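Protein chains in written order, with this note's numbering: chain V, 38 to 311; chain Z, 359 to 647; chain U, 8 to 430. Glycine included, each C-beta is placed from N, C-alpha and C at the ideal position. Remember, it's a predicted structure, so these values are computed and weren't measured experimentally.
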Amino acid sequence: MKPRQILNGGLALSASLVIFVIPFLFVLINAMKSPQEASQPDFALPERWLFWENFVTTVQTRDYALLLAYWNSTVITVGAITLLVIFGAMVGYVVQRRPSTVTRIVYMVALSGLMIPPAVVPTIWLLQSVGLFKTLNGMILIQVAYGLGFTVLLYRSFIGTIPRELDEAAIIDGAKPWQVFFKVVLPLLKPVTLTVIVVQSISIFNDFTHPLYYLPGRDNVTVQLTLYNFQSQFASQMNLLFMNILLITIPPLIVFIFFNRQIVAGMTSGAVKG
Amino acid sequence: MPAKSRISPYPYWFFLPAAAIFVVFFLVPTVASFYFSLTYWDPFEARFAGWDNYVQFFSEPYLLRGTVNTLAFAVLTSGMKTVIGLLLAVLLTSGMMGQSLLRSIVFFPVLVSTIGVGLLFQELMHPTQGAINVALAAVGIDGPGWLTNPSLALFSVALVDVWRGVGLATLIYIAGLATIGPEYYEAARIDGATRLQQFWRVTVPLIRPATTTVIILSLIGGLRLFDLIWAMTRGGPGFSSDVLASVIYKQYQAGFWGLSTAGNVILFLLIALIIAPLAWWLNRRSIDS
Amino acid sequence: MTKTLTTTAMALALTAGAASAEELSLLIDNGPSTIAAFEALTAAYTEMHPDVTFSIEIRPAGGEGDNIVKSRLATGEMTDLFMYNSGSLFQALRPERTLVPLNDLENVAPLNDSFKRTVQDAQGRVYGVPAEGAMGGGILYHVPTYQELGLEVPRTWDAFMANNAVIAEKTDKAPVIQTYRNTWTSQLFVLADYYNVQSEEPGFAEAYTANAVKFADTPAALKGFERLQAVHEAGYLNADYGAASFDDGLHMVANGTGVHYPMLTFSIGAIRQNSPELIDDVGFFAQPGDDAEKNGLTIWLPSAVYIPKSSEHIDIAKDFLDFVASVEGCETIVEVNGAIGPQLVPGCELPDDVPTAIADMLPYFEQDGRTAPALEFLSPIKGPALEQLTVEVGSGIRDAKSAAERYDRDVAKQARQLGLPNW
Numbered sequence: 038m039k040p041r042q043i044l045n046g047g048l049a050l051s052a053s054l055v056i057f058v059i060p061f062l063f064v065l066i067n068a069m070k071s072p073q074e075a076s077q078p079d080f081a082l083p084e085r086w087l088f089w090e091n092f093v094t095t096v097q098t099r100d101y102a103l104l105l106a107y108w109n110s111t112v113i114t115v116g117a118i119t120l121l122v123i124f125g126a127m128v129g130y131v132v133q134r135r136p137s138t139v140t141r142i143v144y145m146v147a148l149s150g151l152m153i154p155p156a157v158v159p160t161i162w163l164l165q166s167v168g169l170f171k172t173l174n175g176m177i178l179i180q181v182a183y184g185l186g187f188t189v190l191l192y193r194s195f196i197g198t199i200p201r202e203l204d205e206a207a208i209i210d211g212a213k214p215w216q217v218f219f220k221v222v223l224p225l226l227k228p229v230t231l232t233v234i235v236v237q238s239i240s241i242f243n244d245f246t247h248p249l250y251y252l253p254g255r256d257n258v259t260v261q262l263t264l265y266n267f268q269s270q271f272a273s274q275m276n277l278l279f280m281n282i283l284l285i286t287i288p289p290l291i292v293f294i295f296f297n298r299q300i301v302a303g304m305t306s307g308a309v310k311g
Numbered sequence: 359m360p361a362k363s364r365i366s367p368y369p370y371w372f373f374l375p376a377a378a379i380f381v382v383f384f385l386v387p388t389v390a391s392f393y394f395s396l397t398y399w400d401p402f403e404a405r406f407a408g409w410d411n412y413v414q415f416f417s418e419p420y421l422l423r424g425t426v427n428t429l430a431f432a433v434l435t436s437g438m439k440t441v442i443g444l445l446l447a448v449l450l451t452s453g454m455m456g457q458s459l460l461r462s463i464v465f466f467p468v469l470v471s472t473i474g475v476g477l478l479f480q481e482l483m484h485p486t487q488g489a490i491n492v493a494l495a496a497v498g499i500d501g502p503g504w505l506t507n508p509s510l511a512l513f514s515v516a517l518v519d520v521w522r523g524v525g526l527a528t529l530i531y532i533a534g535l536a537t538i539g540p541e542y543y544e545a546a547r548i549d550g551a552t553r554l555q556q557f558w559r560v561t562v563p564l565i566r567p568a569t570t571t572v573i574i575l576s577l578i579g580g581l582r583l584f585d586l587i588w589a590m591t592r593g594g595p596g597f598s599s600d601v602l603a604s605v606i607y608k609q610y611q612a613g614f615w616g617l618s619t620a621g622n623v624i625l626f627l628l629i630a631l632i633i634a635p636l637a638w639w640l641n642r643r644s645i646d647s
Numbered sequence: 008m009t010k011t012l013t014t015t016a017m018a019l020a021l022t023a024g025a026a027s028a029e030e031l032s033l034l035i036d037n038g039p040s041t042i043a044a045f046e047a048l049t050a051a052y053t054e055m056h057p058d059v060t061f062s063i064e065i066r067p068a069g070g071e072g073d074n075i076v077k078s079r080l081a082t083g084e085m086t087d088l089f090m091y092n093s094g095s096l097f098q099a100l101r102p103e104r105t106l107v108p109l110n111d112l113e114n115v116a117p118l119n120d121s122f123k124r125t126v127q128d129a130q131g132r133v134y135g136v137p138a139e140g141a142m143g144g145g146i147l148y149h150v151p152t153y154q155e156l157g158l159e160v161p162r163t164w165d166a167f168m169a170n171n172a173v174i175a176e177k178t179d180k181a182p183v184i185q186t187y188r189n190t191w192t193s194q195l196f197v198l199a200d201y202y203n204v205q206s207e208e209p210g211f212a213e214a215y216t217a218n219a220v221k222f223a224d225t226p227a228a229l230k231g232f233e234r235l236q237a238v239h240e241a242g243y244l245n246a247d248y249g250a251a252s253f254d255d256g257l258h259m260v261a262n263g264t265g266v267h268y269p270m271l272t273f274s275i276g277a278i279r280q281n282s283p284e285l286i287d288d289v290g291f292f293a294q295p296g297d298d299a300e301k302n303g304l305t306i307w308l309p310s311a312v313y314i315p316k317s318s319e320h321i322d323i324a325k326d327f328l329d330f331v332a333s334v335e336g337c338e339t340i341v342e343v344n345g346a347i348g349p350q351l352v353p354g355c356e357l358p359d360d361v362p363t364a365i366a367d368m369l370p371y372f373e374q375d376g377r378t379a380p381a382l383e384f385l386s387p388i389k390g391p392a393l394e395q396l397t398v399e400v401g402s403g404i405r406d407a408k409s410a411a412e413r414y415d416r417d418v419a420k421q422a423r424q425l426g427l428p429n430w
């Protein structure tokens with residue numbers, strides 16, 4: 038490796054550590070302090086290392102609300118992602134393969150989902166009238182509706198890189214449309230599917246405002262909501278607050294580490310085609 | 359199945375599942391809200407108001423400030439993410455040591471929730487006891503009131519938003535850079551171009567699609583941003599860091615739901631007016647090149 | 008055999024009085040004294056009625072909490088019981104349509120009349136029972152500092168500012184504490200001044216509601232804003248006023264880092280939870296006006312507990328509220344939080360040892376005409392932007408007159424949205 042590359046690496050590593058990593062050290066250090074020490078959070082090391090105690094207290098708060106929240110958030114995320122990937126890919130596929138006025142309109146409408154802020158109270162009334170308010174299923178469907186814009190955008194771009202010849206070959210072999218899609222095209226979409234999974238699952242897992250409106254109630258607590266509640270409840274116990282931040286960052290972190298390599302590959306074709 | 363599917367292997371019914379969900383859970387409430395923007399609507403009743411809400415929204419004393427803030431914030435964060443994202447991407451594909459670890463580090467802030475980030479930086483940016491100003495004081499600099507100085511508050515939030523989002527921009531750019539074949543750089547090098555000239559003549563033009571994606575996504579995000587501003591300043595001190603999204607939210611919070619919905623409509627129109635021509639212009643040029 | 012068991016079981020159930028095991032949900036705000044009080048009340052009730060349990064949910068205070076309460080109430084998703092302000096905020100909940108009247112409860116009729124007026128509709132139906140004692144809005148102060156510097160409790164604004172000057176000159180302490188991280192705390196100088204406003208302009212509340220007078224062009228009303236500006240301009244505020252929180256403010260006045268903290272007296276309950284050993288170092292006086300003879304206290308009627316019509320456990324909820332409004336319930340609250348003000352349940356006595364600040368406050372209640380309810384209890388209008396405007400004045404971003412004008416416009420907007428006549 039050239040000396041310049043090592044120098045660049047060293048400089049960049051130190052700068053990145055300061056800018057990106059130190060804030061998390063801050064969270065970590067303060068998550069281990071006692072309430073008095075954490076009331077003015079700083080970088081001083083804790084006098085007594087209370088990681089385990091704070092961990093237990095945070096998890097036990099409000100009858101293990103955090104564990105229930107993990108479960109709820111995970112169910113919502115997994116459910117929504119499954120539907121988003123399948124339905125979004127289907128839309129992106131036809132929009133890309135069949136340019137026509139209809140598909141252009143459909144594409145515009147899907148993109149509008151990215152731009153228009155959702156109307157909260159009419160959505161609540163709607164959910165109530167179909168009996169889905171305050172249910173996980175309702176929340177899943179909401180997240181799908183709000184996530185379709187981005188998903189369709191990504192899939193449409195990436196499908197452009199899959200040659201039509203493959204479709205045609207399958208059709209000649211007698212495949213029906215749904216078979217062409219599910220058996221031939223979808224498997225080739227793995228990189229962008231993984232990208233969608235990672236980016237959308239982080240976004241849904243970290244979503245705060247939508248569960249706040251559409252999923253109230255103690256049994257429905259989601260992960261960001263625990264942080265919000267803790268902020269009210271533990272205004273004077275910053276150490277537990279930081280411990281909570283730490284704990285709710287872990288699942289996205291796991292997803293990220295797991296799928297890290299595939300993200301870049303997935304982004305490749307999607308971004309390039311715009 | 360309709361006859362169309364026999365003609366085309368790309369049948370329209372593929373739209374149905376997604377359309378069902380999207381129309382019911384997004385379009386219907388959105389259209390309903392257009393109606394409600396014409397009413398005095400509080401949590402308990404709705405009385406027709408005609409255009410009154412729009413008139414009231416436009417005569418909101420902080421509207422001008424809020425709109426200026428919104429535009430400034432969006433342009434600033436989008437610009438910074440675009441430029442810094444590209445530079446980071448170039449750096450992280452140059453073959454330096456620890457490259458893939460760095461890519462992960464840079465992307466990491468994207469994973470943390472908005473409230474978490476907001477709380478974290480509220481503490482770090484405390485004017486007298488926050489870690490940032492304490493560090494600056496150690497080298498003799500008097501740190502400003504990042505979130506308490508009205509002229510600085512929105513800018514501080516913008517910095518945090520860039521910190522949080524640049525990883526995604528970098529990722530998109532890295533993907534874009536990966537598609538530029540080495541032969542272009544070869545050709546440029548043979549022509550005697552310096553590294554800087556190679557950057558301007560080869561890299562920048564050929565990653566235009568990635569640039570377009572980054573600009574559009576970050577601009578929409580910046581215009582709509584609410585969570586982070588709310589978590590860090592609630593639009594304060596006073597009203598100095600209010601953007602349209604937080605003005606709208608405050609109306610909602612006060613129970614003026616018709617007024618808030620009217621604001622939402624206005625925000626959507628503003629976004630559409632900015633993004634639509636921009637997207638068309640950017641995409642058009644990429645086809646030409 | 009089976010028949011005997013069944014009969015016995017039924018007999019037992021009947022004698023138990025309540026239905027089979029029920030869980031009531033309750034929504035309260037996040038103040039430490041509120042949480043402590045309701046945990047005690049629900050525990051006491053469960054002891055008397057073992058098959059009734061409670062699940063408590065917490066919401067933030069201030070504007071965000073208002074929003075959550077209103078949304079949940081409007082969409083029929085409220086808990087069985089909830090705690091919320093009385094007065095104009097209560098009126099905004101449209102009680103006739105959303106809440107359960109409580110006039111038939113035994114312990115409601117004897118409640119203090121001033122209180123009942125703040126939780127009833129135009130037909131005299133009462134909807135809430137008090138969740139705490141009445142409180143005063145004025146200025147908390149650090150007693151040891153006053154003793155050290157030989158200062159006296161001021162009865163005029165000029166005397167107050169003179170005290171501040173002495174503190175600034177002779178110590179490093181912040182004469183006046185402000186805590187703008189929690190914007191609701193910035194309103195106190197304006198709101199607590201109301202006693203002084205109405206002593207100069209007795210008909211202000213009605214005229215204000217009818218859109219006949221405004222803050223900006225009524226000198227007495229404008230004074231509140233001007234006083235806030237004066238304190239900022241004299242440089243008496245703590246250095247971190249922009250980022251300090253309500254919690255910080257209480258700590259500062261309790262341990263003497265700051266000397267004056269404009270605040271409501273319910274906060275004594277919070278000090279008792281957080282730093283009980285310092286509680287007697289904190290005193291209290293009403294916000295002084297211009298005339299030493301007309302010195303009185305602006306009071307707040309307490310928050311109340313209500314039952315939404317959507318509850319599925321209305322009967323048990325009403326029984327619980329009957330308990331809260333009883334002498335026993337009141338004494339439970341006082342036991343947990345100490346006395347924070349005169350109780351509105353007749354017969355509920357304050358303990359003999361009340362914290363210094365409360366002891367300072369009680370004399371105002373004992374003399375006629377030395378208290379006046381805050382404006383929000385006399386008028387349905389209170390602009391939602393006030394707390395941000397007062398932050399602007401207190402931070403020196405905007406001057407008092409301009410803020411008062413903006414506030415008048417904000418109030419006008421609210422009145423139009425609420426459909427009030429004359430606006």
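Distance between residue j and residue i (C-alpha atoms, nearest Å)
i, j, result
"residue 398 (chain U)", "residue 189 (chain U)", "10 Å"
"residue 509 (chain Z)", "residue 578 (chain Z)", "24 Å"
"residue 182 (chain U)", "residue 242 (chain U)", "9 Å"
"residue 132 (chain V)", "residue 390 (chain U)", "50 Å"
"residue 415 (chain U)", "residue 103 (chain U)", "29 Å"
"residue 223 (chain U)", "residue 71 (chain U)", "27 Å"
"residue 162 (chain U)", "residue 418 (chain Z)", "40 Å"
"residue 506 (chain Z)", "residue 250 (chain U)", "7 Å"
"residue 427 (chain U)", "residue 40 (chain U)", "36 Å"
Residue i at chain U interface by Cβ criterion, 8 Å
i, result
"residue 165 (chain V)", "yes"
"residue 311 (chain V)", "Unreliable positioning characterises residue 311 (chain V) in this predicted model, as indicated by a pLDDT of 37, which lies under 50. A coordinate reading is not provided."
"residue 56 (chain V)", "no"
"residue 253 (chain V)", "yes"
is_contact[residue i, chain V] using C-beta, thresh 8 Å
i, result
"residue 454 (chain Z)", "yes"
"residue 474 (chain Z)", "yes"
Closer than 8 Å to chain Z by CB, residue i
i, result
"residue 243 (chain U)", "no"
"residue 50 (chain V)", "yes"
"residue 184 (chain U)", "no"
"residue 13 (chain U)", "Its pLDDT being 44, under 50, residue 13 (chain U) is placed unreliably by the model, and the measurement read from it follows with that caveat. Closer than 8 Å: no."
Any C-beta of chain C under 8 Å from that of residue i
i, result
"residue 257 (chain V)", "Of the protein chains in the structure, V, Z and U, none is chain C."
### Message
Give me the subset of the stretch 481-493 of chain Z whose CB atoms are less than 9 Å from a CB atom of chain V, sorted by chain position.
### Response
481, 482, 484, 487, 488, 489, 492, 493
### Message
Beta carbons nearer than 7 Å to chain Z: which residues of the stretch 117-135 of chain V have them?
### Response
124, 125, 127, 128, 130, 131, 134, 135
### Task
Name, going along the chain, the residues of the stretch 598-621 of chain Z whose beta-carbon falls closer than 7 Å to a beta-carbon of chain V.
615, 619
### Message
As an exercise, report each continuous alpha helix (DSSP H) stretch of at least 4 residues that is fully enclosed by the stretch 289-352 of chain U, in chain order.
### Response
321-331, 334-344
### Task
With 8 Å as the C-beta to C-beta threshold (strictly closer), list the residues of the stretch 380-408 of chain U near chain Z in chain order.
391, 392, 395, 396, 398, 399, 402, 404, 405
#### Entry: Complete beta strand (DSSP E) runs within the stretch 85-134 of chain U (minimum length 3 residues, chain order)
88-91
### Task
For the stretch 340-426 of chain U, list the beta strand (DSSP E) runs that are entirely contained and at least 3 residues long, ordered along the chain.
378-380
### Query
If you scan the stretch 246-294 of chain U from start to end, which runs of the beta strand (DSSP E) of 3 or more residues do you find wholly inside it?
265-271, 289-293
### Task
Name, going along the chain, the residues of the stretch 303-315 of chain U whose beta-carbon falls closer than 7 Å to a beta-carbon of chain V.
none
### Message
What are the residues in the stretch 147-174 of chain V lying within 8 Å of chain U by C-beta distance?
### Response
158, 161, 162, 165, 170, 171
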